[in-house]
Amino acid sequence: MQTGQKLPDVTFRTRIRDEAVGGTNPFRWQDMTTADYFAGKRVVLFSLPGAFTPTCSTYQLPGFEKNIEDFRAHGIDEIYCMSVNDSFVMNQWAKAQGIENVKVIPDGSGEFTRRVGMLVRKDNLGFGLRSWRYAAIINNGVVEAWFEEPGICDNHGEDPYGESSPENLLKYLAEASKEVAA
1 MQTGQKLPDV TFRTRIRDEA VGGTNPFRWQ DMTTADYFAG KRVVLFSLPG AFTPTCSTYQ
61 LPGFEKNIED FRAHGIDEIY CMSVNDSFVM NQWAKAQGIE NVKVIPDGSG EFTRRVGMLV
121 RKDNLGFGLR SWRYAAIINN GVVEAWFEEP GICDNHGEDP YGESSPENLL KYLAEASKEV
181 AA
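Just so we're aligned: 18 in UniProt numbering is position 18 of the sequence shown, and the numbers increase by one with no gaps anywhere.
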């Protein structure tokens with residue numbers, strides 16, 4: 001993806017809590033589209049190789065969660081975390097991490113990730129197809145800024161992290177604010 005490109009139209013299979021379902025597992029399926037998530041909003045989207053993995057759980061997701069007010073101060077309406085994991089996994093990961101502000105998006109089939117050019121093989125780790133680590137500022141469904149970790153390739157031996165960090169995105173937003181004010 002590049003600055004100025006529109007996000008692909010994809011439908012995501014999500015599970016949402018609905019007390020009307022009843023029972024011990026009151027969740028139902030709800031399809032959400034790219035437009036549902038991104039239309040009419042300025043958001044941060046970050047994607048990572050997998051829920052419950054070390055870098056994602058220790059730094060990236062908690063970093064975006066704890067900096068929510070700083071992002072809002074720069075005009076960000078929502079922060080979304082995406083991974084090539086199903087809705088069950090993403091929801092349980094958010095719950096286990098105590099996430100209240102960042103919303104998770106399950107890209108279980110990897111369709112969105114493939115269409116933005118970030119789907120890679122991680123067979124060397126036993127993961128199969130997963131997302132390369134990236135982040136973006138999305139304004140009304142269009143890429144405003146793109147932050148991709150270097151070295152994208154299948155079965156990469158390392159897990160680069162820095163370009164897509166919350167700190168790097170906040171630095172970009174602060175600089176962009178200065179330019180607008182000048």
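Glycine included, C-beta positions come from ideal geometry on N, C-alpha and C.
Linking K66 to M90 through their CA atoms gives a straight-line distance of about 19 Å. For T11, there is no enclosing alpha helix (DSSP H); the enclosing beta strand (DSSP E) covers residues T11 to R17.
Nearest in C-alpha terms to W29, of all of F38, F71 and E19, is E19.
DSSP places D31 in the strand class (E or B) of the three-state scheme. Considering only H156, A136 and N155, the residue with the shortest C-alpha distance to L173 is A136.
Counting only the Cα atoms, I68 lies some 7 Å from N101. When the Cα atoms are used, Q92 and D31 turn out to be separated by approximately 18 Å. Taken through DSSP and simplified to helix, strand or coil, W146 comes out as strand. Exposed is the label assigned to P54, since fewer than 16 other Cβ atoms lie within 10 Å of its Cβ. Using a C-beta cut-off of 8 Å, the stretch 2-21 makes contact with the stretch 113-124, since at least three inter-stretch Cβ pairs fall below that distance. Counting only runs of 3+ residues, the beta strand (DSSP E) found wholly inside the stretch 77-128 occupies 78-83, 103-106 and 119-121, in chain order. With a 10 Å radius around the Cβ and a threshold of 16 neighbouring Cβ atoms, T34 comes out buried. Between D154 and R121, the C-beta spacing is below 7 Å.
The Cβ atoms of I76 and F64 do not sit closer than 7 Å to each other. For F52, no beta strand (DSSP E) segment is defined, and its DSSP state is neither H nor E.
By alpha-carbon distance to R15, the top candidate from V104, G98 and L61 is V104.
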